[in-house]
Amino acid sequence: KIGPQLRLTVQLIDAATESHVWAERYDSQAEEIFTVQDDITRAIAAILEGRVAASGAERAKRRPPADWVAYDYFLQGREQMHRYRFPEAEPFLARAVELDPGYAQASALRVNALLGIFWTNPRTNTRDAALESAAHALSLDEGDPWCQAMMGFVLTHRGQRELAGPYFERAVALNPGDIQIAYLRAWWL
């Protein structure tokens, strides 16, 4: 601070890698400090949102499915899911898991398809299959937000709402920007 002038230099450093992410210099009048604070907050939020998305993409690249045919089935199932065609999506996702039993994301998305089927045909064995698929997905990757969210989702459908909460909280903590996870958590709440 020199008289009424302020100069702020802000740096954002990735704590895990100690690499420089972003830096900016702000010049303003002392009475504008709260406006500058808001500008800094917006800039950091925008940077972090992009970094979180990029980090998710990097994680996906590091852990590709072991079988590319399984990945193709996953993509076909996901396409059906985007169209709310749960009965059509489930066989694609089941086949992806069959071809690559270590494919956590396929197991997690299969949970969603099975619960979609359950909504129109509430049979206990469909809900049980969803629980089995969620448990399998979590056993493969506890650090995947969708694996966490799908366990919360299936437990909610089983009437085990108190058990579901920690899974939704973990999913949101792992990926706070995922609107689908936020939607599922809001539905649970």
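Its first residue numbered 248, the sequence shown is counted upward by one per residue in the working numbering.
Cβ coordinates follow ideal geometry from the N, Cα and C atoms, glycine included.
As the structure is a computational prediction, the values presented were derived from the model and not from experiment.
Beta-bridge pairing by DSSP links Q258 to A270. Rounded to whole angstroms, the gap between the alpha carbons of F400 and D314 is 27 Å. For the pair H404 and L362, the CB atoms are nearer than the 8 Å cut-off. For Q395, the enclosing alpha helix (DSSP H) has its first and last residue at 392-404. Per DSSP, G363 is one residue of the alpha helix (DSSP H) stretching across 351-367. For A277, there is no enclosing alpha helix (DSSP H), as DSSP gives it neither H nor E.
Under the 10 Å beta carbon count, S380 is surrounded by 16 or more other beta carbons and is classified as buried. Non-local C-beta neighbours of S266 in its own chain, meaning closer than 8 Å and more than five positions away in sequence, comprise I260, ordered along the chain.
About 20 Å separates the CB atoms of F365 and A343; that is not less than 8 Å, and the two are not in contact. The alpha-carbon separation between L402 and A420 amounts to approximately 19 Å.
Assignment of L385 by DSSP, reduced to helix, strand and coil, places it in the helix class. Residue range 426-435 is occupied by the alpha helix (DSSP H) that includes I428. The Cβ atoms of A384 and L346 lie no closer than 8 Å to each other. Annotation for P413: the continuous alpha helix (DSSP H) segment containing it runs 408-421. Residue burial is scored here from C-beta neighbours: L436 has fewer than 16 other C-beta atoms within 10 angstroms and is therefore classed as exposed.
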